[in-house]
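**Q** So the protein sequences, as listed, match chains A and B.
Taken in order, the first sequence gives residues 1 to 500; the numbers are from my numbering.
Taken in order, the second sequence gives residues 1 to 342; the numbers are from my numbering.
We put the CB at the ideal spot given by N, CA and C, even for glycine.
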Amino acid sequence: MGNTTYLLEMKNICKEFPGVKALDNAQLMLRHGSVHALMGENGAGKSTLMKCLFGIYIEDSGEIYLEGKPIRFDNPKQALEHGVSMVHQELNQVRQTRVMDNIWLGRFPQKGITIDEKKMYQDTKQIFEDLEIDIDPKQKIENLSVSQCQMVEIAKAVSYDAKIIVMDEPTSSLTEKEVEHLFRIINRLRDKGCGIIYISHKMEEILKISDDVTIMRDGKWIATHSAKELTTDKIISLMVGRDLTHRFPPKTNRPGKTILEVKNLTATYKPSIEEVSFELREGEILGIAGLMGSKRTEILETIFGIRKKESGQILLHGKEVENRDSREAIKNGFALLTEERRRTGIFAVLNIKFNSMIANISQYTNKLGVLNDKAIEKDTNWVIERMAVKTPSHKTLIRYLSGGNQQKVILGRWLLTNPEILMLDEPTRGIDVGAKYEIYQLIIDLANKGKGIIVVSSEMPELLGITDRILVMSNGRVAGMVNTQETNQEEILRLAAKYL
Amino acid sequence: MNLKILDKKWDKKNIGDLLVNNAIYFVILVLIGIIIAMDNSFLSLQNFRFIITQASTRVILALGVAGLLVLAGTDLSVGRMVGFSSVISASLLQAPDYARRIYPDMAQLPLIVPILLVVFMTGLFSVISGFVVAKFKVHAFIVTLGAQLMIYGITSLYYDAVGASPIAGLDTRFTSFAQGDINLGIIAIPKLVIYAAITSAIIWFIWNKTKLGKNMFAVGGNEEAATVSGVNIIKTIVLVYLIAGILYGFAGFLEVARTGSATNNLGNGYELDAIAACVVGGVSFNGGVGSIAGIITGVIMFQIINYGLSYVDVSPYIQYIIKGLIIVIAVAIDMRKYIKRK
């Protein structure tokens with residue numbers, strides 16, 4: 001039963017991933033000719049909701065109505081054909097081809113058996129003129145600036161005669177002037193009757209451009225208000241407000257003297273971190289907060305030597321270390337648990353034993369490069385026991401374990417190297433609640449043993465729950481350092497937006 | 001808890017998976033069954049000896065290329081390395097009384113000299129390929145394709161310079177190095193089989209008991225994770241190529257000693273047999289997976305098919321079709337494990 005006064009209705013959408021309830025009765029009602037902002041913290045379920053709309057995920061339950069008619073798309077192509085399109089945060093364009101090839105990809109106008117280049121050119125030109133976009137359709141994508149690429153992407157969405165256009169963080173890499181142009185385009189589309197779903201973290205922008213605002217938290221619909229009724233503070237408090245008790249083990253660690261100093265760290269390949277400085281103490285858990293793209297991971301990678309450092313110093317116990325590559329960093333007592341477990345963490349096709357020992361391999365090797373199997377097995381068993389990895393044997397391939405157990409193995413891998421500085425990038429991403437608690441407990445235990453720990457996380461409650469201090473990053477720069485005891489999510493969110 | 005997981009492993013679906021994952025062996029066993037049914041004299045000790053002797057040099061080559069497959073690479077230059085090694089060693093080891101000796105005045109060399117020379121050269125060629133792959137990130141397919149052509153050119157130039165006719169009349173010390181048996185009590189084992197066995201043992205040791213072996217699996221399994229874990233990617237790749245080159249050189253040396261003469265075309269296409277045997281033996285083209293036992297099984301299975309189909313007079317053209325099918329089926333089954341299910 002749809003209501004035709006709405007262009008799009010998404011009702012009671014639920015989606016569960018193993019161990020995680022990503023969407024819990026989420027809801028979104030988009031009016032004709034309106035800009036509807038979708039807001040929430042990282043992980044609140046905004047992207048998942050949009051992926052359900054596009055048929056990238058299939059929702060477990062719930063209804064979607066497009067102009068009153070129930071719909072369910074099996075894939076993004078179907079969504080596009082029904083006038084639902086999306087401008088992605090990360091542009092996936094074929095960079096070596098021309099602008100117009102990208103726009104008409106998959107549905108080139110045909111003339112007999114050949115592609116009708118002329119029609120393609122003229123149609124592209126027409127759309128660009130309508131949107132006041134000044135780009136030559138025959139230009140190669142790789143020669144365009146980021147904002148121009150974005151414009152092309154919007155034009156592509158329009159070219160599908162889109163009724164609904166979803167924009168995911170469209171302004172994250174645009175200058176102020178470019179943002180103005182984008183807003184002109186958005187207004188024009190709205191006047192044509194399109195519905196725009198606008199995902200962004202930037203409060204001022206949202207209040208300026210949107211008509212309605214829907215706020216999500218923990219996969220749930222929290223509120224939908226007219227933008228006129230809202231203020232930045234009100235949005236933040238709606239986004240945040242949740243109960244923090246019992247999700248974290250008691251904090252027993254006591255920070256001691258300074259162990260690591262990072263001074264004016266700047267990475268070579270831009271855009272990246274600039275002039276990042278901070279100190280880390282023994283037994284301290286230091287959080288790093290920031291929005292997506294604020295270059296938190298890059299700090300860890302630069303310290304660990306897998307991202308090139310242009311300038312700045314890393315001092316361990318007051319002595320400068322270079323960390324030119326990961327081997328040197330490991331030797332100096334650094335460890336890095338990477339963000340993307342699948343891509344840079346696990347060796348999926350290899351077993352737990354292998355996955356446990358690999359970073360510490362030099363310790364098991366004699367001068368001829370021959371390994372000491374007994375030592376490896378002993379350490380592997382230690383990892384399995386200490387981390388409480390649930391597995392039938394150390395010969396099990398790691399890909400058969402759950403995300404949480406994989407993460408424990410990799411954390412164990414790094415503990416075997418006996419690091420002084422443990423850097424954890426999104427240590428609980430994609431892990432169920434129970435395993436999260438276990439990992440928090442491990443982190444606190446390690447701090448109790450005097451290790452210096454840095455935790456990058458997009459989950460604000462996690463940072464507030466386990467860290468001692470939080471370094472807030474904004475756009476590659478340090479926006480501030482706060483004491484966890486004395487801060488709150490509002491302050492951190494404000495700092496995170498400082499250099500946007 | 002642990003027991004529960006173990007129980008899970010043996011439900012119907014997993015047994016089905018087990019069957020599918022080993023399907024290629026069943027296919028080959030059925031084929032062998034058919035060969036035996038057509039001519040049961042195939043099942044003789046003599047035939048078995050022929051097969052494992054012929055498989056010996058192939059095992060050595062397959063062990064070389066398998067390392068590169070584990071690295072998620074490949075090697076198209078295997079055959080031409082074998083050719084290079086054969087031609088050089090044959091030209092240096094002709095019998096002193098052979099009338100058409102290429103170097104009539106050269107003293108009789110101890111066998112170890114040409115072995116070391118060819119192994120050094122093929123090792124060097126391979127290291128160069130490996131360095132280009134590792135340092136400049138050129139795909140191994142391209143690099144070794146180039147190497148294949150260049151090495152063939154070098155071999156052919158040399159072959160032309162020394163007379164452009166098959167190099168024969170080999171020193172008996174040389175031929176008897178590869179031909180004949182070693183008697184171990186009551187059983188006589190072909191020398192080639194012994195060389196292959198020793199080589200397999202050494203490579204097994206490297207793969208399973210050394211840092212290099214583990215690093216090789218790490219690079220092939222997930223290069224980015226290996227980088228983060230402190231593995232020296234370039235060094236690992238270059239060393240694996242070095243080992244492969246040494247094995248090719250050694251196999252070429254044995255091959256010419258076994259056949260008794262060499263031309264610049266010897267070894268042509270051997271890489272395809274070696275890669276096919278690895279794939280049938282469970283070495284994944286996606287890298288990170290493979291075992292010595294699997295590779296040896298793969299080579300022997302392939303050799304049985306080769307020999308067996310000829311034994312029962314199957315047309316060589318049909319043999320091509322059967323072998324082609326086996327390769328594609330083997331890889332299709334391998335890929336099944338990686339296809340993501342939504």
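At 3 residues or longer, and completely inside the segment 297 to 339 of chain A: list those beta strand (DSSP E) runs for me, N to C.
**A** For the segment 297 to 339 of chain A, whole beta strand (DSSP E) runs of length 3 or above, ordered along the chain, are 309 to 316, 319 to 321 and 334 to 337.
**Q** Look at the Cβ atom of residue 144 of chain B, then the Cβ atom of residue 76 of chain B, and state whether they are nearer than 8 angstroms.
**A** For the purposes of this step, residue 144 of chain B is taken as residue 144 along the second sequence, with counting starting at 1. For the purposes of this step, residue 76 of chain B is taken as residue 76 along the second sequence, with counting starting at 1. Contact flag set, yes.
**Q** Hey, could you find the ends of the beta strand (DSSP E) residue 14 of chain A is sitting in?
**A** Position 14 of the first sequence holds residue 14 of chain A. Note, residue 14 of chain A: beta strand (DSSP E), 6 to 17.
**Q** Could you give the DSSP three-state label for residue 244 of chain A: helix, strand or coil?
**A** Translated into the one-based positions of the first sequence, residue 244 of chain A becomes position 244. Low per-residue confidence applies at residue 244 of chain A: pLDDT is 43, beneath 50, and the placement is therefore not dependable enough to give any value.
**Q** So, residue 60 of chain B versus residue 247 of chain B, is the Cβ gap smaller than 8 angstroms?
**A** Taking the first residue of the second sequence as 1, we reach residue 60 of chain B at position 60. Taking the first residue of the second sequence as 1, we reach residue 247 of chain B at position 247. A contact, by the Cβ cut-off of 8 angstroms.
**Q** To which residues of the same chain is residue 3 of chain A closer than 6 angstroms at the C-beta, ignoring the five residues directly before and after it?
**A** By one-based count along the first sequence, residue 3 of chain A stands at place 3. Its pLDDT being 47, under 50, residue 3 of chain A is placed unreliably in this model, and the value from its coordinates should be taken loosely. Cβ neighbours of residue 3 of chain A beyond the five flanking positions: none.
**Q** Report yes if the CB atom of residue 406 of chain A is closer than 8 angstroms to the CB atom of residue 346 of chain A, and no otherwise.
**A** Counting from one through the first sequence, the residue named residue 406 of chain A turns up at place 406. Counting from one through the first sequence, the residue named residue 346 of chain A turns up at place 346. Yes, they are a contact pair.
**Q** Quick one: residues in its chain with C-beta nearer than 6 angstroms to the C-beta of residue 289 of chain A, no 5 flanking neighbours on either side, listed in chain order?
**A** Residue numbering aside, residue 289 of chain A sits at position 289 when the first sequence is read from its first letter. The residues are 463, 470, 472 and 492.
**Q** Got a sec, what are the start and stop residues for the beta strand (DSSP E) residue 266 of chain A sits in?
**A** Position 266 of the first sequence, counted from the start, is the residue given in the question as residue 266 of chain A. Unbroken beta strand (DSSP E) run through residue 266 of chain A: 258 to 267.
**Q** Using a C-beta to C-beta distance shorter than 7 angstroms, which residues of chain B count as neighbours of residue 370 of chain A?
**A** Residue numbering aside, residue 370 of chain A sits at position 370 when the first sequence is read from its first letter. Within chain B, the residues near residue 370 of chain A are 209 and 210.
**Q** Do we get a CB-CB distance below 8 angstroms when we pair residue 224 of chain B with the residues of chain A?
**A** For the purposes of this step, residue 224 of chain B is taken as residue 224 along the second sequence, with counting starting at 1. With 8 angstroms as the cut-off, residue 224 of chain B counts as an interface residue toward chain A.
**Q** What are the complete alpha helix (DSSP H) segments, minimum 4 residues, inside the segment 39 to 84 of chain B?
**A** Listed in chain order, the complete alpha helix (DSSP H) runs (minimum 4 residues) inside the segment 39 to 84 of chain B are 45 to 70.
**Q** If residue 63 of chain A sits next to residue 111 of chain A, beta carbons under 8 angstroms apart, how far is it from one beta carbon to the other, in whole angstroms?
**A** One-based indexing of the first sequence puts residue 63 of chain A at position 63. One-based indexing of the first sequence puts residue 111 of chain A at position 111. About 42 angstroms separates the two Cβ atoms, so there is no contact after all.
**Q** Kindly indicate which three-state DSSP category residue 210 of chain A falls into: helix, strand or coil?
**A** Against the first sequence, residue 210 of chain A aligns to sequence position 210. Residue state, collapsed to three classes: coil.
**Q** Classify residue 150 of chain A as helix, strand or coil using the three-state DSSP reduction.
**A** As a first step, residue 150 of chain A is located in the first sequence; it is residue number 150 there, counting from the start. If DSSP states are grouped into helix, strand and coil, residue 150 of chain A belongs with the helices.
**Q** Can you name, in chain order, every residue of its own chain whose Cβ lies under 7 angstroms from the Cβ of residue 209 of chain A, other than the five neighbours on each side?
**A** Reading the first sequence from its first residue, position 209 is the one you call residue 209 of chain A. Correct list, in chain order: 35, 183, 186 and 198.
**Q** Using a Cβ-Cβ cut-off of less than 8 angstroms, give me the residues of the segment 112 to 132 of chain B that come near chain A, in sequence order.
**A** Result list empty, no residue passes.
**Q** Using 10 angstroms around the beta-carbon of residue 328 of chain B, count the other beta-carbons present and answer buried if the total reaches 16, otherwise exposed.
**A** The residue you call residue 328 of chain B lines up with position 328 of the second sequence. Burial call: exposed.
**Q** Please report the residue range of the beta strand (DSSP E) in which residue 481 of chain A lies.
**A** The residue you call residue 481 of chain A lines up with position 481 of the first sequence. Run containing residue 481 of chain A: 477 to 483, per the beta strand (DSSP E) assignment.
**Q** Could you give the uninterrupted runs of the alpha helix (DSSP H) lying entirely in the segment 441 to 473 of chain A, keeping only those of 4 residues or more?
**A** Whole alpha helix (DSSP H) segments, 4+ residues: 460 to 466.
**Q** Is the CB of residue 321 of chain A under 8 angstroms away from at least one CB in chain B?
**A** Within the first sequence, the letter at position 321 stands for residue 321 of chain A. Taking Cβ atoms only, chain B never reaches closer than 8 angstroms to residue 321 of chain A, which makes this a no.
**Q** Over the uninterrupted alpha helix (DSSP H) stretch that includes residue 373 of chain A, give me the two end residues.
**A** Stepping through the first sequence from its first residue, residue 373 of chain A is reached at position 373. Its alpha helix (DSSP H) spans residues 373 to 386.
**Q** Along chain B, which residues have their Cβ under 7 angstroms away from the Cβ of residue 347 of chain A?
**A** For the purposes of this step, residue 347 of chain A is identified with residue 347 of the first sequence, where counting begins at 1. What residue 347 of chain A touches in chain B: 218, 221, 222, 225 and 288.
**Q** Measure how close the beta-carbons of residue 223 of chain B and residue 343 of chain A come, nearest whole angstrom, since I'm counting them as under 8 angstroms.
**A** If you number the second sequence from 1, residue 223 of chain B lands on position 223. If you number the first sequence from 1, residue 343 of chain A lands on position 343. So it is not a contact: roughly 10 angstroms between Cβ atoms.
**Q** Could you check what DSSP says for residue 62 of chain A in three-state terms: helix, strand or coil?
**A** Reading the first sequence from its first residue, position 62 is the one you call residue 62 of chain A. In this structure, residue 62 of chain A counts as strand in the three-state DSSP scheme.
**Q** So, helix, strand or coil for residue 90 of chain B, using DSSP?
**A** In the second sequence, residue 90 of chain B corresponds to position 90, counting from 1. Correct three-state label for residue 90 of chain B: helix.
**Q** If the cut is a Cβ gap below 9 angstroms, which residues of chain B does residue 343 of chain A touch?
**A** Stepping through the first sequence from its first residue, residue 343 of chain A is reached at position 343. Going along chain B in sequence order, the residues near residue 343 of chain A (Cβ under 9 angstroms) are 222, 224 and 225.
**Q** Show which residues of chain B have a CB atom less than 9 angstroms away from the CB atom of residue 338 of chain A.
**A** In the first sequence, residue 338 of chain A corresponds to position 338, counting from 1. Chain B residues near residue 338 of chain A: 224, 225 and 228.
**Q** Taking the alpha-carbon positions, what's the residue 280 of chain A to residue 255 of chain A distance?
**A** Locating residue 280 of chain A in the first sequence gives position 280, where the first residue counts as 1. Locating residue 255 of chain A in the first sequence gives position 255, where the first residue counts as 1. Whole-angstrom Cα-Cα distance: 9 angstroms.
**Q** Along the segment 293 to 312 of chain A, what residues have a CB closer than 8 angstroms to any CB found in chain B?
**A** Result list: 304 and 306.
**Q** Starting from residue 330 of chain A, find everything on chain B with Cβ-Cβ shorter than 7 angstroms and list it in chain order.
**A** Residue numbering aside, residue 330 of chain A sits at position 330 when the first sequence is read from its first letter. In chain order: 230.
**Q** If we ignore side chains and look at the alpha-carbon of each, how far apart do residue 283 of chain A and residue 294 of chain B end up?
**A** Locating residue 283 of chain A in the first sequence gives position 283, counting from the first residue. Locating residue 294 of chain B in the second sequence gives position 294, counting from the first residue. If you take the alpha carbons of residue 283 of chain A and residue 294 of chain B, they lie about 49 angstroms apart.
**Q** Could you say which of A:365, A:96 and A:440 lies nearest to residue 144 of chain A if we only look at CA atoms?
**A** Here residue 144 of chain A is taken as the residue at index 144 of the first sequence, counted from 1. Per the Cα distances, A:96.
**Q** Using the Cα positions of residue 128 of chain A and residue 293 of chain A, report the straight-line distance between them to the nearest angstrom.
**A** In the first sequence, the residue the question calls residue 128 of chain A occupies position 128. In the first sequence, the residue the question calls residue 293 of chain A occupies position 293. Near 29 angstroms, if we compare the C-alpha coordinates of residue 293 of chain A and residue 128 of chain A.
**Q** In chain B, which residues lie less than 8 angstroms from residue 380 of chain A when you measure between Cβ atoms?
**A** The count along the first sequence starts at 1 and reaches residue 380 of chain A at position 380. Within chain B, no residue comes near residue 380 of chain A; the closest Cβ sits about 13 angstroms away, beyond 8 angstroms.
**Q** How many whole angstroms separate the CB atoms of residue 231 of chain B and residue 244 of chain B, which I take to be in contact at a CB cut-off of 8 angstroms?
**A** Position 231 of the second sequence, counting from 1, holds the residue named residue 231 of chain B. Position 244 of the second sequence, counting from 1, holds the residue named residue 244 of chain B. That pair is no contact at about 19 angstroms.
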